[in-house]
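Visitor: Quick one: this structure, given as structure tokens, is what I'll be asking you about.
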Ligand code: ADP
């Protein structure tokens, strides 16, 4: 029996891709796609040639996070063309192939694996410095499939995104052992949503009355602060949303012997940038999240 022709075609496609990075998470909703999107924006801004491939087949959020909703993938004689944001940032997602973004994709494993293979085989990326793969949460068929398909050409490693609380970290441990089992290097773990940061005046101030009704006193509080303590206007408030008393991702990384890449706060402005499909870098409002992400990416 000769070599699998699909794997041979994938190896040919991937020969022009220098680095392949998987972005993983144990759970959904922890910010994996947000990180993949912002990582791609950052690498493209550094003048690298970047491809972002979304294989989260059941919940493709990458088109929206890159401002590409409603775009179509085109066929050429070279294969499927990714959708380009800039000449050096191309994106491929099943989201581009659904006639209606509200459609649910209910596929069984073999069909998902088939699509992943097809993405790897048929998408014409050209020369790439980085291919960022946004994987679904957990460790399922799709993960095994992508690792097997890329085995021959090598994967540089995986970045795992988590939130600080134990329920999320338990699943990260599984993700780390999956990587060890299949021989993918863990480049490191990002702790996302690590404290909620906001400028003081972005907060909503509520006052509980005797009837326990909450009254909005935001305007009054803002006026008071401006008048009595204007120096507070430059402060950023930080509240711990998730319980990190167990030591968070940093402690887990020490225990599991994998690098801890850093923390990114929960920042409503970063959420806004993601909703609007924008890069957070250069957005003056992402005052804490953008520098935190930048530091992590520069240290990779
Ligand atoms: P996942 O890919 O892990 O399912 P997403 O990246 O889709 O998670 O993030 C879930 C939601 O949380 C999105 O609306 C996203 O914009 C928001 N989000 C993620 N990280 C942050 C953050 N650090 N600050 C604010 N919002 C965030």
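In UniProt numbering, the protein residues as written are 42 to 341.
Every residue gets a Cβ at the ideal spot worked out from N, C-alpha and C, and that includes glycine.
1) First and last residue of the beta strand (DSSP E) that includes residue 279?
2) Within 10 angstroms of the Cβ of residue 184, are there 16 or more other Cβ atoms? Answer buried if so, exposed if not.
3) Beta-carbon within less than 7 Å of residue 72's beta-carbon, same chain only, minus the 5 sequence neighbours each way: which residues are those?
4) What are the boundary residues of the beta strand (DSSP E) that includes residue 121?
5) Fully enclosed by the stretch 150–179, which beta strand (DSSP E) runs are 3 residues long or longer?
6) Can you check which of these residues, 331, 299, 295, is closest to residue 312 by C-alpha distance?
7) Which of the three DSSP states is assigned to residue 249 in this structure?
8) Is the stretch 288–303 close to the stretch 312–321, with three or more CB pairs under 8 Å?
9) How about residue 107 and residue 126: are their beta carbons less than 8 Å apart?
10) Could you tell me the alpha carbon to alpha carbon distance between residue 247 and residue 317, rounded to whole angstroms?
11) Can you name the start and end residues of the beta strand (DSSP E) that residue 202 belongs to?
12) Exposed or buried, residue 222, counting other C-beta atoms within 10 Å across all chains shown (16 or more means buried)?
13) Start and end of the alpha helix (DSSP H) containing residue 183?
14) Hey, out of 52, 338, 45, whose CA is closest to residue 193's CA?
15) Within the stretch 103–149, note down every full beta strand (DSSP E) run reaching 3 residues or more, in order along the chain.
16) What residue range is occupied by the uninterrupted beta strand (DSSP E) comprising residue 260?
17) Measure the C-alpha to C-alpha separation of residue 123 and residue 176 and round it to an integer number of angstroms.
18) Count the other CB atoms within 10 Å of the CB of residue 101; is the residue buried (16 or more) or exposed (fewer)?
Guide: Inspection of the coordinates gives the following:
1) 277–280
2) buried
3) 202, 233, 234
4) 120–122
5) 169–175
6) 331
7) strand
8) no
9) yes
10) 29 Å
11) 198–203
12) exposed
13) 182–191
14) 52
15) 115–117, 120–122, 124–127, 130–134
16) Run containing residue 260: none in the beta strand (DSSP E); it sits in the alpha helix (DSSP H), 259–269.
17) 17 Å
18) buried
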